[in-house]
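Engineer:
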Amino acid sequence: MKIIVAGGTGLIGSNLLKRLAGKNDIVLFTRDPEAAQKQFEGVGFQIVSWDQPREQLLGAIQNSDALINLTGAGIADAKWSPARKEVLENSRLKPIEKLVDLLKRANIKLKVVLQASAAGIYGNHEEKEFTEKDVAGHNYLAELTKMWEHKASEFLPHTERLVLLRSGMVLTPEGGALKPLMMPFKLFAGGRMGTGKQWVSWIDLEDQLGAMLFLLMKNDSKGAYNLTAPQVLRQRSLAAAIGKALGRPSWLPVPGFVLKLLMGQMA
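Every number in the working numbering is 4 more than the matching position in the sequence shown, counting from 1.
1) So Met151 is in the alpha helix (DSSP H); what residue range does that whole segment cover?
2) I need the straight-line Cα distance from Phe218 to Leu169, nearest angstrom please.
3) Along the chain, which unbroken stretches of the beta strand (DSSP E) at least 3 residues long are found entirely within the segment 19-82?
4) With respect to 6 Å, is the separation between the Cβ of Ile125 and the closest non-hydrogen atom of the ligand GTP below this value?
5) Which residue wins for smallest C-alpha separation from Ala70, given the options Leu191, Leu103 and Tyr126?
6) Leaving out five residues before and five after Asp29 in sequence, what residues of the same chain have Cβ atoms less than 6 Å from its Cβ?
7) What is the rounded straight-line gap between the Cα of Leu21 and the Cα of Arg196?
8) Terminal residues of the continuous alpha helix (DSSP H) containing Lys102?
9) Check this for me: beta carbons of Pro37 and Ser53, under 7 Å apart or not?
10) Which runs of the beta strand (DSSP E) spanning at least 3 residues fall entirely within the segment 171-241, listed in chain order?
11) Below 8 Å on the Cβ atoms is my guess for Arg238 versus Gly200; work out the distance and round it to an integer in Å.
12) Tell me where the beta strand (DSSP E) around Ile8 begins and ends.
13) Under three-state DSSP, which class holds Ala245?
14) Could you tell me the alpha carbon to alpha carbon distance between Val262 and Arg252, rounded to whole angstroms?
15) For Ala123, which of helix, strand or coil comes out of DSSP?
16) Alpha carbons only, please: which of Ala228, Phe189 and Thr232 is nearest the one belonging to Ala273?
17) Looking only at its chain, what residues have a beta carbon closer than 7 Å to the beta carbon of Asn143, apart from the 5 residues adjacent to it on each side?
18) Suppose you measure from the CA of Arg109 to the CA of Ser157; what does that come to, to the nearest Å?
19) Starting from the Cα of Pro99, find the closest Cα among Ala80, Ile72, Ala82 and Gly124 and give me that residue.
20) For Ala140 and Gly46, what's the separation of their Cα atoms in angstroms?
21) Per DSSP, Val279 is paired with what?
22) Assign Gly172 to buried or exposed, taking buried as 16 or more other Cβ atoms, counted over all protein chains shown, within 10 Å of its Cβ.
23) Do Glu136 and Asn230 count as a contact pair if the criterion is CB distance below 7 Å?
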């Protein structure tokens, strides 16, 4: 199978590529080809820059069967200032726009598109359990994800199947979302955030990758899929689990007003 992978240098993408390489013909789209060459040295797949001339990009994607689009700046990497929101939106919408244009110009009908999304589309709720049939919420993360999925619908004329991956927080000892969460505990300053009652939808990295590979190959899968562990956690429970795993105390809470000061709308 020939697979286009966009946004493949992050935690999920890099681990997924290791599983796909060797068995498939991979074309990796990246902003920094030199860094990607070093990151995937010896793996043996084609690496192209988003900035290459259009004709070269069209040549690279000819005869492709699938697209996995994981592009998008990290949600929790910085406070959601107006400038940061623009980065979050453009890093999700612009790549889709370019990929759709390339597929259209190349006259390619893919078998499947796997499109990154987020469980955050449902917004915040104290007790409700969400399914894929629920409507989007109204906070910024929900609005961003709804915008993201709407833009991804532009793939539909160019693929037999569009799969939306509504992932929870991906957890792994390798880092990712867990890395910044562990830092306060390593400094003996860890604890719940605010009340600690916030729900955390999460998924182990291996389960995330397994689900993606399953959906890639399952010919009748299409539409949105919630990729999360069966049971959500309260944030205070996650904090306690991190403290226990690191052998550190987890009794020092971060007050709600401090969270608002540091994180703004993201808190």
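Every residue, glycine too, gets a C-beta built ideally from N, C-alpha and C. From a predicted model like this one, the values you see are computed outputs, not experimental measurements.
Structural biologist: With the structure as the only source:
1) Tyr144 to Ala156
2) 12 Å
3) 29-34, 50-53 and 70-73
4) By its list of ligands, the structure shown contains no ligand whatsoever, and the ligand GTP lies outside what it can speak to.
5) Leu103
6) Lys6
7) 35 Å
8) Pro86 to Ala110
9) yes
10) 173-176, 206-208 and 227-231
11) 6 Å
12) Lys6 to Ala10
13) helix
14) Residue confidence for Val262 is low, a pLDDT of 44 falling below 50, so the modelled location carries little weight and cannot support an answer.
15) helix
16) In the structure as shown, the chain starts at 5 and stops at 271, and residue 273 therefore has no counterpart that could be examined.
17) Gly127 and Asn128
18) 17 Å
19) Ile72
20) 42 Å
21) No statement about residue 279 is possible, as the shown extent of the chain runs from 5 to 271 and does not include it.
22) buried
23) yes
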